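Enquirer: Structure below; questions to follow.
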Amino acid sequence: MLKVIDVDLITDYNLALIFSDGFKGTVDLEDIFSTVESSSRFDKFALDTDGSLRWENITLTANKLRDLSVGQLSEASNLSSLEEIEAVIKSAAWESMQEGRPDILQAAIRGYVEKFGHQRVIAKAGIKSRTSAYRSLKPDTTPNFGTLVQLGRAVIELAGELSEK
161 MLKVIDVDLI TDYNLALIFS DGFKGTVDLE DIFSTVESSS RFDKFALDTD GSLRWENITL
221 TANKLRDLSV GQLSEASNLS SLEEIEAVIK SAAWESMQEG RPDILQAAIR GYVEKFGHQR
281 VIAKAGIKSR TSAYRSLKPD TTPNFGTLVQ LGRAVIELAG ELSEK
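Position one of the sequence shown corresponds to residue 161 (this note's numbering), numbered consecutively onward.
As structure tokens, this is what we get:
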């Protein structure tokens with residue numbers, strides 16, 4: 161199942177997207193948002209667990225976004241490189257703190273946790289309560305920032321281990 165694993169706002173209605181299959185692209189959503197009465201701000205979106213983007217009254221699936229995107233398939237097709245994962249998590253952490261929105265970091269980490277496997281990442285993070293870790297990754301929750309940091313560190317460590325092989 162195709163998912164958006166990272167998203168960055170470029171300009172008013174333009175997003176940079178990374179998909180679970182390694183495709184990296186940009187999408188201009190001005191046409192979609194100009195035809196829909198929307199009370200929500202374009203920059204206030206959520207990345208859902210199914211990999212779709214959701215605004216207050218608009219949801220776009222990963223497949224739809226991929227169809228609208230211009231870009232290319234990354235050389236590392238299934239898992240991103242260590243450097244890319246670090247950059248995505250750093251960027252998401254910074255944006256999360258700047259915006260006061262832990263869901264930004266939560267969404268970035270969730271995509272990688274799903275790729276590496278929940279149990280593996282939770283074990284690497286040394287988190288004793290699986291429930292706490294799962295809850296921290298669940299959309300529409302207010303995650304514990306400390307747990308997100310632990311999970312992000314574990315993802316980066318796992319990526320580093322894979323790059324050494």
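Ideal placement from N, C-alpha and C gives every residue a C-beta, glycine not left out.
All values reported here derive from a predicted model rather than from experimental measurement.
1) Look up K163 in the DSSP assignment and say whether it is helix, strand or coil.
2) If I measure Cβ to Cβ from G211 and keep anything under 6 Å in the same chain, skipping five residues before and after, which residues do I get?
3) Between L175 and L189, which are expected to be in contact by the criterion C-beta below 8 Å, what is the C-beta distance as a whole number of angstroms?
4) So, at 8 Å on beta carbons, what are the nonlocal neighbours of A252 in its own chain, with the 5 sequence-adjacent residues on each side left out?
5) Closest to L207 by C-alpha separation, out of I287, Y294 and D300, would be which residue?
6) Tell me the DSSP secondary structure of R270 in three-state form.
7) Can you check whether the CB of V230 is closer than 8 Å to the CB of T118?
8) If you check the beta carbons only, do A293 and L311 fall under 8 Å apart?
9) How is N304 classed by DSSP in three states: helix, strand or coil?
10) Residues bridged to V187 by DSSP?
11) Straight-line CA distance for V315 to I245?
12) Are L297 and V273 closer than 8 Å when you measure CB to CB?
13) Smallest Cα separation from D172: which of F183, F179 and D191?
14) Please identify the residue among T302, L308, G271 and A319 whose C-alpha is closest to the C-alpha of G286.
Expert: According to the structure shown:
1) Here K163 sits in coil by DSSP.
2) Taking G211 as the centre and dropping the five residues before and after it, the same chain places the C-beta of K163, V164 and A222 closer than 6 Å to its C-beta, in chain order.
3) 7 Å
4) Result list for A252: D166, I264, L265, A267, A268 and I269, in chain order.
5) Here the closest residue by C-alpha is D300.
6) It is helical.
7) The requested residue 118 is not part of the displayed model; the chain covers only 161 to 325.
8) yes
9) N304: coil per DSSP, three-state reduction.
10) L175
11) 8 Å
12) yes
13) D191
14) Comparing Cα-Cα distances from G286 to each of T302, L308, G271 and A319, the minimum goes to L308.
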